[in-house]
Structure formats: structure tokens, C-alpha cells
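Colleague:
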Ligand code: HEM
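Residue numbers (this note's numbering): 3 to 507.
(1) Please determine whether the Cβ atom of residue 316 lies at a distance below 7 Å from any heavy atom of ligand 1.
(2) Using the rule of at least 16 other Cβ atoms within 10 Å of the residue's Cβ for burial, across every protein chain shown, is residue 286 buried or exposed?
(3) Near residue 395, what residues of its chain come up, given a Cβ to Cβ distance below 7 Å and the 5 sequence neighbours on each side ignored?
(4) Check for me: the alpha helix (DSSP H) holding residue 364 runs from which residue to which?
(5) Can you tell me whether residue 346 is buried or exposed, with buried defined as 16 or more other CB within 10 angstroms of its CB?
(6) Compute the Euclidean distance between the alpha carbons of residue 243 and residue 209, then round it to the nearest angstrom.
(7) Would you check whether ligand 3 has a heavy atom nearer than 7 Å to the C-beta of residue 464?
(8) Quick one: is residue 147 buried, meaning 16 or more other Cβ sit within 10 Å of its Cβ, or exposed?
(9) Could you pull the DSSP bridge partners for residue 490 from this structure?
(10) Measuring alpha carbon to alpha carbon, tell me which of 507, 432, 111, 388 ends up nearest residue 467.
(11) Can you tell me which of the three DSSP states residue 390 falls into?
(12) Alpha helix (DSSP H) containing residue 91: first to last residue?
(13) Anyone know if the C-beta pair for residue 462 and residue 353 falls short of 8 Å?
(14) For the alpha helix (DSSP H) containing residue 192, name the first residue and the last one.
(15) How would you call residue 499, buried or exposed, if buried means at least 16 neighbouring beta carbons within 10 angstroms?
(16) Is there at least one non-hydrogen atom of ligand 1 closer than 7 Å to the beta-carbon of residue 452?
(17) Should residue 435 be listed as close to ligand 1, given that the test is whether its C-beta is under 7 Å from any heavy atom?
(18) Between which two residues does the beta strand (DSSP E) holding residue 84 run?
(19) Would you say the beta carbon of residue 278 is closer than 7 Å to some non-hydrogen atom of ligand 1?
(20) Can you say whether residue 475 is buried or exposed, counting buried as having 16 or more other CB atoms within 10 angstroms of its CB?
(21) Helix, strand or coil for residue 101? Go by DSSP, reduced to three states.
(22) Are the beta-carbon atoms belonging to residue 117 and residue 305 less than 8 Å from one another?
(23) Note the first and the last residue of the continuous beta strand (DSSP E) segment covering residue 469.
(24) Pick from 421, 376, 458: whose alpha carbon is nearest that of residue 97?
(25) Look at residue 452 and residue 114 and say whether their C-beta atoms are less than 8 Å apart.
(26) With H, G and I counted as helix, E and B as strand and the rest as coil, what does DSSP make of residue 385?
(27) Would the region 164-175 count as touching the region 409-423 if we require 3 or more Cβ pairs under 8 Å?
(28) Between residue 73 and residue 89, what straight-line distance do the alpha-carbon atoms span, to the nearest angstrom?
(29) For residue 494, count neighbouring C-beta atoms within 10 Å of its own C-beta (all shown protein chains included) and say buried if the count is 16 or more, exposed if not.
(30) Any idea what DSSP makes of residue 79, helix, strand or coil?
(31) Does the count of Cβ pairs from the region 245-260 and the region 98-105 closer than 8 Å reach three?
(32) Is residue 376 close to ligand 1? I mean its beta-carbon at under 7 Å from any heavy atom of the ligand.
(33) Is it buried or exposed, residue 91, if we count other Cβ atoms within 10 angstroms and call 16 or more buried?
This is the structure in C-alpha cells:
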């Protein structure tokens with residue numbers, strides 16, 4: 003199905019101010035425009051026909067509404083950018099398996115260009131020999147199973163610190179969302195930088211600000227040929243400011259590593275953090291594209307951006323779903339308390355047997371994929387998908403959120419039923435296209451192991467050490483907010499009641 007969201011050009015040039023206000027006001031989506039494959043229509047008709055699906059809606063909801071009306075392959079015109087939206091498992095398979103190589107590019111975005119030193123990172127680098135080299139480094143040197151295992155003591159210490167801090171607030175209302183964010187900021191900072199860093203919160207706030215604009219829905223990315231737009235809207239100045247502030251912090255981090263003055267705690271001496279690994283590879287010299295400080299900073303930014311919020315929102319949503327589903331909460335806690343038999347403290351080796359907890363996380367990632375539209379791709383050549391011709395340089399948005407709730411593939415798709423995975427072979431490895439929390443194909447998430455390890459242990463501890471209640475007279479909503487990740491709109495406020503373990507907090 004082929005529709006276009008666009009403003010007519012004469013209208014655009016006749017009333018630039020009006021259009022500018024409309025664009026910035028309506029923000030994320032453009033309106034409709036006569037479609038060359040449909041009978042000519044005045045632009046207002048399709049606008050009225052579909053705008054109610056778009057206005058005020060979260061992008062993944064808006065695109066789901068449109069897909070329900072128009073089908074699993076919808077072409078939309080986002081300003082000057084031609085895009086297709088993919089909303090079914092077979093069509094996702096076409097993009098990420100059958101034609102994976104043809105769709106292995108990422109579209110160019112101004113915010114990303116400025117922030118990651120002209121696409122020197124992994125997540126937004128165009129498909130190229132450079133990207134292949136950096137991806138290989140990422141998979142083999144930075145995020146391998148062995149490496150993830152080497153960061154285990156960080157997860158154990160920081161998760162335990164979280165439990166201790168919650169224990170001091172027992173029976174009181176705590177903001178679990180904020181606690182999960184702080185925990186994950188600290189874990190990812192220690193993994194990347196080797197120790198807590200005085201600037202970690204500032205750096206992560208800057209990164210969030212920058213990557214919130216990286217969804218490709220910003221007006222400057224929708225009209226890339228209007229070179230003055232980034233200056234008029236102030237986007238360029240804003241991004242340069244963010245980049246400069248980040249640069250100072252990142253230079254400081256690298257300098258400390260080179261100098262050997264990182265303030266490491268006890269067992270942090272025993273592992274190589276991500277900056278160490280990148281500096282080692284820089285000095286190694288045998289790479290096709292030798293690394294310099296900009297390459298290192300771009301990859302470090304990716305690790306922070308991709309590794310922190312994705313895991314903390316997962317903790318937020320798992321805990322929210324458990325509060326909404328007391329049967330599942332009880333079953334998960336029974337498993338933990340049975341397996342751990344009153345142990346005072348949990349270590350990572352203890353959680354291998356927690357099969358039900360793993361199903362709970364899997365089910366939460368189905369209903370609440372932290373990156374609901376994955377990262378956008380772009381076609382590298384002309385291609386045919388589901389009988390439609392897709393021209394080169396078309397942006398591809400895959401609605402993993404909708405796919406995970408597709409009633410043709412999931413029984414009771416809106417219900418939280420972890421057991422659905424117990425007898426099923428569906429996994430997270432990107433081979434089942436009805437379940438794509440980490441994407442699939444060449445651009446699939448390389449941080450899956452680290453991401454899962456970062457949520458499993460804290461969740462096990464939260465559920466083992468405490469029973470949870472909602473604050474008095476409060477209901478729990480499940481409203482979402484869309485940014486770089488899909489998080490709760492309202493913070494998760496809960497009251498912890500210590501469970502009777504042999505623990506001395
Ligand atoms: C629960 C945790 C996580 C989730 C749900 C998640 C999800 C995703 C998704 C959906 C993508 C896009 C895949 C695609 O386009 O097909 C992605 C890409 C990526 N993720 Fe993750 N991620 C998580 C954790 C992490 C962690 C911990 C790291 C590293 C510290 C990481 C690093 C990356 C990178 C570098 C990419 C870009 C890959 C490329 O373009 O080649 N992720 N992630």
C-alpha cells in the first residue's frame with residue numbers, strides 16, 4: 003500500500019512561515035500528498051483521512067494504526083524522505099533476512115552526524131568496510147560472552163548497592179524507575195570506563211538529549227536539502243553544543259586511561275574495560291582502518307547510548323507487568339525463593355536455574371521492546387518487497403512493537419503470559435521474525451548478552467529480597483513515552499517490604 007505524507011510544494015513556498023509552524027507544531031509526521039499510484043486527490047482529503055492516526059500519538063502506535071488500515075508494507079513520505087513501514091513478520095523477514103544486504107545501511111541524520119564524528123560509530127555508520135571492521139571489534143573484543151562474564155563483579159556489586167539502598171527505605175514509597183536508571187548508568191559507566199566517573203550523569207544526560215533526536219522524525223532530517231533549516235531551528239547549534247561538552251568529558255576519560263590514573267576499585271583492576279580494549283586495538287596497528295581518538299569516542303558513545311536505557315527500561319517494564327499480574331509475580335518469586343533457599347546474597351552463578359524469570363523477561367521484551375521501531379535502515383539498491391518496488395535510498399522503519407502483538411502470531415497478544423515461551427522455540431537471536439526485541443540480520447544488536455545480563459541479576463535481587471506493593475490509593479498505569487527508548491510515561495512508584503531472608507542489609 004502506498005500513501006504519501008507531504009505538503010504540496012507550491013503551498014510550502016507560498017507560506018513558508020505557516021508551513022514552518024505547522025511542521026514544528028505537528029512535529030513528527032508530515033501530511034498527505036497526491037499519490038502517483040492512486041487517482042489524484044486534493045492534499046486535504048488524505049490529510050483528513052489519516053491525520054487522526056498521527057496527531058498526538060506515539061510514533062509506534064500511529065504507524066500501527068496506519069498499518070491496520072493499509073497493510074504490512076506502507077510507503078510514507080516524511081517531508082522529503084521516502085520511507086516504508088514494515089509491520090508483519092513475513093515482511094520483516096524479507097528486509098532483515100532475504101534482502102538483508104540490500105537494507106544494511108542506516109539513513110543519515112544531522113544529529114548523529116554531529117555527535118558521532120561523522121558516522122564513525124557502529125550503530126549509525128553506513129554499511130561499509132569500516133562498519134564491518136568496527137562491528138567485528140564490537141562482537142569479538144568489546145561485547146563477547148567472555149567479556150560480558152568479566153564484568154560480572156560490577157553487576158554483583160552495583161545490584162547489591164541497589165538492594166541496600168532500597169532496604170533503607172523499606173515500607174516507604176520509592177521511585178523504582180529512577181533507581182533502575184541510576185543503577186544502569188553506573189553499571190554501563192564502569193563497564194566502559196572502568197570505574198564510576200564524576201561526569202557519568204552529565205554525559206548520559208547529554209547522550210540522551212542527542213539520541214532522542216536520532217529517530218529521524220526531527221524536522222531537519224525530514225527536509226535534508228533545506229540547508230538553512232538546521233540553522234533556523236537552532237538544531238545545529240544545539241547539537242554542536244552537546245558535542246563539545248561531550249568531547250571534553252570523553253577526552254578526559256581517554257587521557258586518564260593513557261595516563262593510568264583511572265581511580266579503580268579493588269576488583270576493577272582485574273578486567274579490561276571498553277576504553278582499555280579500544281586503546282589496545284589502536285596501538286596494535288594491524289587494522290585496515292587504524293583507530294584514532296575520534297573512532298574511540300564514537301564507539302564509546304554508542305556503548306553508553308545503547309547500553310544504559312535499554313536495560314533500565316526493561317527493568318521498569320518487567321516490574322510494572324509483575325505488579326499488574328500478581329499470579330506471575332508470585333510464580334517468579336516462588337521460583338527464586340525455592341532455588342535460593344534463604345541465601346543471604348545472590349550471585350550471578352545462582353541465576354542460571356531461574357527459568358521462569360527468564361520467561362518473564364522474554365515476555366516483557368515482547369510487549370515492551372525498548373527500541374520499538376528498531377534503528378532505521380536504508381535501501382542500498384532498488385529492491386522488491388512483498389510485490390512492491392522499493393527504490394534505492396528508501397528509509398525502512400520496522401515496527402517491532404506491532405509485530406510482537408500481531409494476533410496472527412500470538413495468542414492473546416495483549417496479555418502478559420510468560421508461559422507462552424516455555425514450550426516454544428522462539429528465541430531472541432533474530433531468527434523468529436515475530437519477535438524482534440534485538441532486531442535481526444547484519445545490523446542486529448551486538449549487545450544482547452550484556453543487556454540481558456544487566457537486567458537478570460538486578461531483577462532477581464529485587465524479587466528475592468522484597469515483596470512489592472503499590473502506594474496506597476494509587477493505581478498503576480502502563481502509559482508509554484517515546485524517545486530514544488520506550489519508557490514509562492509516569493515513574494514507577496512502589497513500596498518495598500523486605501522478605502524474610504537471612505540477609506543483614
Ligand atoms: C535490553 C537491552 C538491549 C536492547 C533491547 C537492544 C536493542 C537493540 C536494537 C533493537 C537494535 C537495532 C537492531 C536492528 O537495527 O536490527 C540495537 C542495535 C545496537 N545495539 Fe542494542 N540493545 C540492548 C542492549 C545493548 C547493549 C548493552 C549494547 C552495548 C553496550 C548495545 C549496542 C548496540 C549497538 C552497537 C547497536 C548497533 C548495531 C549495528 O548497527 O550494527 N545494545 N540494539
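Beta carbons: idealized from backbone N, C-alpha and C, even for Gly. Bear in mind that the values here come from a model prediction, so they are computed numbers and not experimental data.
Modeller: According to the data block:
(1) Taking the chain shown and counting its residues from 1, the one referred to as residue 316 is at position 314. Residue 316 Cβ: within cutoff of ligand 1.
(2) For the purposes of this step, residue 286 is identified with residue 284 of the chain shown, where counting begins at 1. Residue 286 is exposed by the Cβ-count criterion.
(3) Locating residue 395 in the chain shown gives position 393, counting from the first residue. Once the five neighbours on either side are set aside, the close Cβ partners of residue 395 are 380, 381.
(4) Along the chain shown, read from residue 1 onward, the residue named residue 364 stands at position 362. Counting along the chain, residue 364 sits inside the alpha helix (DSSP H) bounded by residues 357-369.
(5) As a first step, residue 346 is located in the chain shown; it is residue number 344 there, counting from the start. The residue in question, residue 346, is exposed, as its Cβ has fewer than 16 Cβ neighbours within 10 Å.
(6) The residue labelled residue 243 in the question sits at position 241 within the chain shown. The residue labelled residue 209 in the question sits at position 207 within the chain shown. Note on geometry: alpha-carbon atoms of residue 243 and residue 209 lie some 12 Å from one another.
(7) The ligand content of the structure shown is limited to ligand 1, which means ligand 3 is not among them.
(8) Taking the first residue of the chain shown as 1, we reach residue 147 at position 145. Counting C-beta atoms within 10 angstroms of its own C-beta, residue 147 has fewer than 16 neighbours from the protein chains shown and is therefore classed as exposed.
(9) The residue given as residue 490 occupies position 488 in the chain shown. According to the DSSP secondary-structure assignment, residue 490 is paired through a beta bridge with 482.
(10) Here residue 467 refers to the residue found at position 465 of the chain shown. It is 507.
(11) Numbered from its first residue, the chain shown carries residue 390 at position 388. Residue state, collapsed to three classes: strand.
(12) For the purposes of this step, residue 91 is taken as the residue at position 89 of the chain shown. From DSSP, the alpha helix (DSSP H) with residue 91 extends over 91-95.
(13) Here residue 462 refers to the residue found at position 460 of the chain shown. Here residue 353 refers to the residue found at position 351 of the chain shown. Residue 462 places its beta carbon less than 8 Å from that of residue 353.
(14) Locating residue 192 in the chain shown gives position 190, where the first residue counts as 1. Taken as a continuous stretch (DSSP letters only), the alpha helix (DSSP H) holding residue 192 covers 178-195.
(15) The residue labelled residue 499 in the question sits at position 497 within the chain shown. Looking at its Cβ environment, which holds fewer than 16 other Cβ atoms inside 10 Å, residue 499 is exposed.
(16) Along the chain shown, read from residue 1 onward, the residue named residue 452 stands at position 450. The answer is yes for residue 452.
(17) One-based indexing of the chain shown puts residue 435 at position 433. Outside the cutoff, so no.
(18) The sequence position of residue 84 within the chain shown is 82, counting from 1. Where residue 84 is concerned, the enclosing beta strand (DSSP E) stretches over 83-88.
(19) Against the chain shown, residue 278 aligns to sequence position 276. For residue 278, the CB stays at least 7 Å from every heavy atom of ligand 1.
(20) Position 473 of the chain shown, counting from 1, holds the residue named residue 475. Flag for residue 475 reads exposed.
(21) To locate residue 101, count along the chain shown from 1; it is residue 99. The three-state reading of DSSP puts residue 101 in coil, since its state is none of H, G, I, E or B.
(22) On the chain shown, residue 117 is found 115 positions in, with the first residue counted as 1. On the chain shown, residue 305 is found 303 positions in, with the first residue counted as 1. Judged by beta-carbon spacing, residue 305 lies beyond the 8 Å limit of residue 117, meaning their Cβ atoms are not closer than that value.
(23) Position 467 of the chain shown, counted from the start, is the residue given in the question as residue 469. Run containing residue 469: 468-471, per the beta strand (DSSP E) assignment.
(24) Taking the chain shown and counting its residues from 1, the one referred to as residue 97 is at position 95. Selected option, being the one with the closest Cα: 376.
(25) On the chain shown, residue 452 is found 450 positions in, with the first residue counted as 1. On the chain shown, residue 114 is found 112 positions in, with the first residue counted as 1. Going by C-beta atoms, residue 452 is not nearer than 8 Å to residue 114.
(26) By 1-based counting over the chain shown, the position of residue 385 is 383. Secondary structure of residue 385 (DSSP, three-state): strand.
(27) Verdict: no, contact absent.
(28) Reading the chain shown from its first residue, position 71 is the one you call residue 73. Reading the chain shown from its first residue, position 87 is the one you call residue 89. Spanning the two alpha carbons is a distance of roughly 8 Å.
(29) In the chain shown, residue 494 corresponds to position 492, counting from 1. Classification for residue 494: buried.
(30) Translated into the one-based positions of the chain shown, residue 79 becomes position 77. Strand, per DSSP.
(31) The answer is no - the region 98-105 does not touch the region 245-260, with fewer than three Cβ pairs under 8 Å.
(32) In the chain shown, counting from the first residue as 1, residue 376 sits at position 374. At least one heavy atom of ligand 1 is nearer than 7 Å to the Cβ of residue 376, so yes.
(33) In the chain shown, the residue the question calls residue 91 occupies position 89. It counts as buried.
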